[in-house]
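Quick note on numbering that gives the first Met the number 0: the sequence shown kicks off at 0 and runs consecutively. Backbone N, C-alpha and C define an ideal beta-carbon position, used for all residues, glycine too.
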Amino acid sequence: MNPIRLGYLYGLGAYLLWGFFPLYLKLLRPAGPLEILAHRIVWSVAFVALLLAAMRNIGFLRALLRRPRALAGIAAAAALIAVNWGTYIYGVNSDRVVETALGYFINPLVSVLLGVFVLRERLRPAQWAALGVGALAVAVLTVDYGRLPYLALTLAFSFACYGFVKKRLGLPAAEGLFVESAVLALPALAYLGWLSLRGDSTFGHVSAGHTVLLVLAGAATAIPLLLFAGAANRLPLSLLGMLQYLAPVLQLGCGVLIFHEPMPPARLAGFALVWLALIVFTLDALRQAHQTRTRTRTDSQPPIPTPTAP
Numbered sequence: 000m001n002p003i004r005l006g007y008l009y010g011l012g013a014y015l016l017w018g019f020f021p022l023y024l025k026l027l028r029p030a031g032p033l034e035i036l037a038h039r040i041v042w043s044v045a046f047v048a049l050l051l052a053a054m055r056n057i058g059f060l061r062a063l064l065r066r067p068r069a070l071a072g073i074a075a076a077a078a079l080i081a082v083n084w085g086t087y088i089y090g091v092n093s094d095r096v097v098e099t100a101l102g103y104f105i106n107p108l109v110s111v112l113l114g115v116f117v118l119r120e121r122l123r124p125a126q127w128a129a130l131g132v133g134a135l136a137v138a139v140l141t142v143d144y145g146r147l148p149y150l151a152l153t154l155a156f157s158f159a160c161y162g163f164v165k166k167r168l169g170l171p172a173a174e175g176l177f178v179e180s181a182v183l184a185l186p187a188l189a190y191l192g193w194l195s196l197r198g199d200s201t202f203g204h205v206s207a208g209h210t211v212l213l214v215l216a217g218a219a220t221a222i223p224l225l226l227f228a229g230a231a232n233r234l235p236l237s238l239l240g241m242l243q244y245l246a247p248v249l250q251l252g253c254g255v256l257i258f259h260e261p262m263p264p265a266r267l268a269g270f271a272l273v274w275l276a277l278i279v280f281t282l283d284a285l286r287q288a289h290q291t292r293t294r295t296r297t298d299s300q301p302p303i304p305t306p307t308a309p
């Protein structure tokens, strides 16, 4: 199969799974957010360990242990993804799926902010315009909610910072997820043990189906991430960037159409401003990518020979 087409299939698979993830999380009730998070961590370690063993790729750990700065970065990435996962699970199970979708809509704009304040990047006028419209959207949504949309902002900032750290580390998807989950595994196991001692654990006490779903949280975490890695290796960043909006669109649809969360006019106006900011941001990114490709092709062409006098 054509690599680009295969990349599209991988990308669609990843974002479809992420988009419908709220449906899966709702099935894990009556487990609380922290219990679901702990199971997601523990079973992610188990699932990815089996995958790496099948790939005979456990040896990377020895090399990694000799890189203390990389281990510190992995610990930071693990803390950030734990905050992101925990916030998302809490948002879904407290019937705020719409607000969690907002977080992933504004995530690209937060990544641009990180570029400005951390990497000292200079923005183009269109990028500044997108950030301004995004800030206005947050203000409108703050008025609508009567508070800052803190769940959305926590999701956006934690995931943007996680992406920044991961880019610096440069670990492959499976290896990165395994080490990050392993860092969190001991606290997660300790929490699950404490729940069991108190008699508050739902694992094995609700139904066989519920127990299986908790175990499958590891696969549900790892599979879309691996599909995304396959897409990232085959698709240009501009095309991958267009696909990333599929997941929050589906999450928003789940919140409004399936879970019947309210969408009053003011909230819809705030979302419309976010979408306007993303349109400006995406069109500017596509224009810049086109200019870069054109410049690269021009620079790679051999120079026209200068005619010499006979």
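Smallest Cα separation from residue i: which of the options?
{"i": "L36", "options": "A219, F270, G72", "result": "A219"}
{"i": "F158", "options": "V111, D94, Y144, R39", "result": "V111"}
{"i": "L282", "options": "M0, L168, R123, L50", "result": "R123"}
{"i": "L135", "options": "A268, I222, L239", "result": "A268"}
{"i": "L14", "options": "L285, G229, V178, I257", "result": "The identity of residue 14 in the sequence shown is Tyr, whereas the question assumes Leu. The shortest C-alpha separation from Y14 is found at G229."}
{"i": "T141", "options": "P171, L101, P29, L176", "result": "L101"}
{"i": "G12", "options": "P263, L239, A288, C253", "result": "L239"}
{"i": "F280", "options": "V115, G133, G169, G254", "result": "G133"}
{"i": "V255", "options": "I40, W127, V97, V214", "result": "V97"}
{"i": "G198", "options": "E34, L27, P21, A155", "result": "E34"}
{"i": "L277", "options": "Q243, L251, P261", "result": "Q243"}
{"i": "V178", "options": "L194, L196, A76", "result": "A76"}
{"i": "A74", "options": "P186, L275, F227", "result": "P186"}
{"i": "L16", "options": "P223, E120, M241, L79", "result": "P223"}
{"i": "C253", "options": "A172, L154, F20", "result": "F20"}
{"i": "I88", "options": "I40, F104, L51", "result": "I40"}
{"i": "L272", "options": "G131, A48, Y23, P261", "result": "G131"}
{"i": "H209", "options": "Y7, L27, L196, G6", "result": "L27"}
{"i": "A284", "options": "A125, M54, L188, H259", "result": "A125"}
{"i": "L5", "options": "E120, G90, A231", "result": "A231"}
{"i": "Y23", "options": "V211, M241, R292, M54", "result": "V211"}
Taking all protein chains shown into account, do 16 or more other C-beta atoms lie within 10 angstroms of the C-beta of residue i, making it buried, or fewer, making it exposed?
{"i": "V117", "result": "exposed"}
{"i": "Q290", "result": "exposed"}
{"i": "P301", "result": "In this prediction, P301 scores a pLDDT of 49, lower than 50, which makes its location untrustworthy; no coordinate-derived value is stated."}
{"i": "L249", "result": "buried"}
{"i": "S180", "result": "buried"}
{"i": "P310", "result": "Outside the shown range of the chain (0 to 309) lies residue 310, about which nothing can therefore be said."}
{"i": "P247", "result": "buried"}
{"i": "T305", "result": "Caution applies to T305, whose pLDDT of 35 falls short of 50 and renders its modelled position unreliable; the model cannot decide the point."}
{"i": "R294", "result": "exposed"}
{"i": "K165", "result": "buried"}
{"i": "I80", "result": "buried"}
{"i": "G90", "result": "buried"}
{"i": "L196", "result": "exposed"}
{"i": "A71", "result": "exposed"}
{"i": "A221", "result": "buried"}
State the start and end residues of the unbroken alpha helix (DSSP H) segment that holds residue i.
{"i": "A128", "result": "124-144"}
{"i": "E174", "result": "172-197"}
{"i": "Y161", "result": "149-168"}
{"i": "A30", "result": "Careful: A30 lies outside any alpha helix (DSSP H) and carries neither H nor E."}
{"i": "G102", "result": "96-116"}
{"i": "T86", "result": "67-92"}
{"i": "P2", "result": "2-18"}
{"i": "Q250", "result": "245-252"}
{"i": "I222", "result": "216-231"}
{"i": "F59", "result": "59-64"}
Could you check whether residue j and residue i sit closer than 8 Å to each other, using their CB atoms as the reference points?
{"i": "D143", "j": "A265", "result": "yes"}
{"i": "P148", "j": "N92", "result": "no"}
{"i": "L108", "j": "A129", "result": "yes"}
{"i": "G85", "j": "L245", "result": "no"}
{"i": "I3", "j": "R286", "result": "no"}
{"i": "G203", "j": "S43", "result": "no"}
{"i": "G175", "j": "L168", "result": "yes"}
{"i": "N83", "j": "Y161", "result": "yes"}
{"i": "T201", "j": "P29", "result": "yes"}
{"i": "L60", "j": "A69", "result": "no"}
{"i": "Y103", "j": "L154", "result": "yes"}
{"i": "A207", "j": "L50", "result": "no"}
{"i": "Y9", "j": "L226", "result": "yes"}
{"i": "H38", "j": "L213", "result": "yes"}
{"i": "F46", "j": "L113", "result": "no"}
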